[in-house]
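Read through the structure below, which is laid out as structure tokens, and then see the notes.
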Amino acid sequence: DAGVIQSPRHEVTEMGQEVTLRCKPISGHNSLFWYRQTMMRGLELLIYFNNNVPIDDSGMPEDRFSAKMPNASFSTLKIQPSEPRDSAVYFCASSRQGTGETQYFGPGTRLLVL
Amino acid sequence: GDSVTQMEGPVTLSEEAFLTINCTYTATGYPSLFWYVQYPGEGLQLLLKATKADDKGSNKGFEATYRKETTSFHLEKGSVQVSDSAVYFCALYTGGFKTIFGAGTRLFVKA
Chain A
2 DAGVIQSPRH EVTEMGQEVT LRCKPISGHN SLFWYRQTMM RGLELLIYFN
52 NNVPIDDSGM PEDRFSAKMP NASFSTLKIQ PSEPRDSAVY FCASSRQGTG
102 ETQYFGPGTR LLVL
Chain B
-2 GDSVTQMEGP VTLSEEAFLT INCTYTATGY PSLFWYVQYP GEGLQLLLKA
48 TKADDKGSNK GFEATYRKET TSFHLEKGSV QVSDSAVYFC ALYTGGFKTI
98 FGAGTRLFVK A
């Protein structure tokens, strides 16, 4: 079975540019999570969806960040405008509700904002 | 609120040494407990889990026992290998949608 798919794997952009990260969860999973990982702050939960509906976005750092899940097989995390402090690895994870909530992580997108 | 505390790293061991990474938790209700592992350049992946008190999770030679009386879920391995070098995350899930992750413990194993 295919795991969680994220694209791009690496992104280098300049400050002020828009960045869009993409995620395809595992088929049949109905919960989706976006995380950010940095050396300084560790693993942070940004937002999570259940059945395509955002449940808690309290981890989104500021209004420059937005996330959507238009259908069960696709989600995006957008940063506009990007800043150097947004440089991090962004992970998407999915799970199937009611199965003890094991989360399955994608390989991550490594973002560098210059 | 619910929380997970794990020992700070890095932990540096020689190959074939015994490994313990401590994890304690605070939770209302009866959580499921997890250890995830993150290899360099990869996402987190489930290593083992336990869903009720006194359960032992095990995988790839790693073990952890769910101790309700001490609210702990310590990770152990009898003989580590260089390939075990990674970051290990303790986590808990108490229902709802969210999993609480610890800060992670980096393990270095020297040949």
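Protein sequence lines, in the order shown, are assigned to chains A and B. Going by the working numbering, the first sequence wraps up at 115, each residue one higher than the last. Going by the working numbering, the second sequence wraps up at 108, each residue one higher than the last. Every residue, glycine too, gets a C-beta built ideally from N, C-alpha and C.
If the five residues before and after M70(A) are omitted, its C-beta is found closer than 7 Å to the C-beta atoms of L33, F50, N53, S76, all from its own chain and listed in chain order. With a cutoff of 8 Å on beta-carbon distance, Y22(B) and L104(B) are scored as not near each other. Cβ contact annotation for A89(A) (same chain, cutoff 7 Å, sequence separation greater than five): R37, Q38, T39, L112, in chain order. Within a 10 Å sphere around the beta-carbon of G58(B) sit fewer than 16 other beta-carbons, which makes this residue exposed. In terms of beta-carbon proximity, L44(A) lines the interface with chain B, with at least one pair separated by less than 8 Å.
Using a 10 angstroms sphere on the CB of D87(A), the tally of other CB atoms reaches 16 or more, which defines it as buried. Around the CB of Q35(B), 16 or more other CB atoms lie within 10 Å, so the residue is classed as buried. Taken atom to atom, the span from the alpha-carbon of F94(B) to that of M16(A) is near 34 Å.
Linking L78(A) to S67(A) through their CA atoms gives a straight-line distance of about 6 Å. For the C-beta of G107(A), the chain B residues within less than 9 Å are, from N- to C-terminus, G40. For the C-beta of I56(A), the chain B residues within less than 7 Å are, from N- to C-terminus, F94.
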